[in-house]
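Quick note, my numbering runs 396 ahead of the 1-based positions in the sequence shown. Reviewing the structure listed below.
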Amino acid sequence: MQAETINSTPRERSVAVMLRGARVTESFRDNLFDAANRAGITPNEFVLQAAAEKLHRAGREFSGIFRKGDLSELNGGIGAQGGRA
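Written out as C-alpha cells, the structure is:
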C-alpha cells in the first residue's frame, strides 16, 4: 500500500479561467456558436479546446484541459492527430 502512494502522481487542481469582455464580429460569433453546437459542447469549451490545440502545436505541455488526460478524448482531439498529449 505504501508503494502505491509513493508511485502515484498527485492530482492536478481544476481552476477557473476568468475570460470576459471579448467583442467579436457577429459573423464570427454565429459561426462559433454553430460549430460548438454541432460538436455538442458549449462555446466556452470549444474555444478552450481550440486554444489547447494551438498551445500543443506550439510545443507547450500540459496534462489536460478539463481533466488530466482528456486531450485525446475531446471530439477527436489532439491525441487522435498523433500529438504527444
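Backbone N, C-alpha and C define an ideal beta-carbon position, used for all residues, glycine too. Here the structure is a predicted model, which is why all the values come from computation and not from measurement.
Phe-429 is a Cβ neighbour of Pro-439, given a cutoff of 8 Å.
By the neighbour-count criterion, in which a residue is buried when 16 or more other Cβ atoms sit within 10 angstroms of its Cβ, Phe-442 is buried. A Cβ-Cβ contact shorter than 8 Å links Leu-467 with Ala-448.
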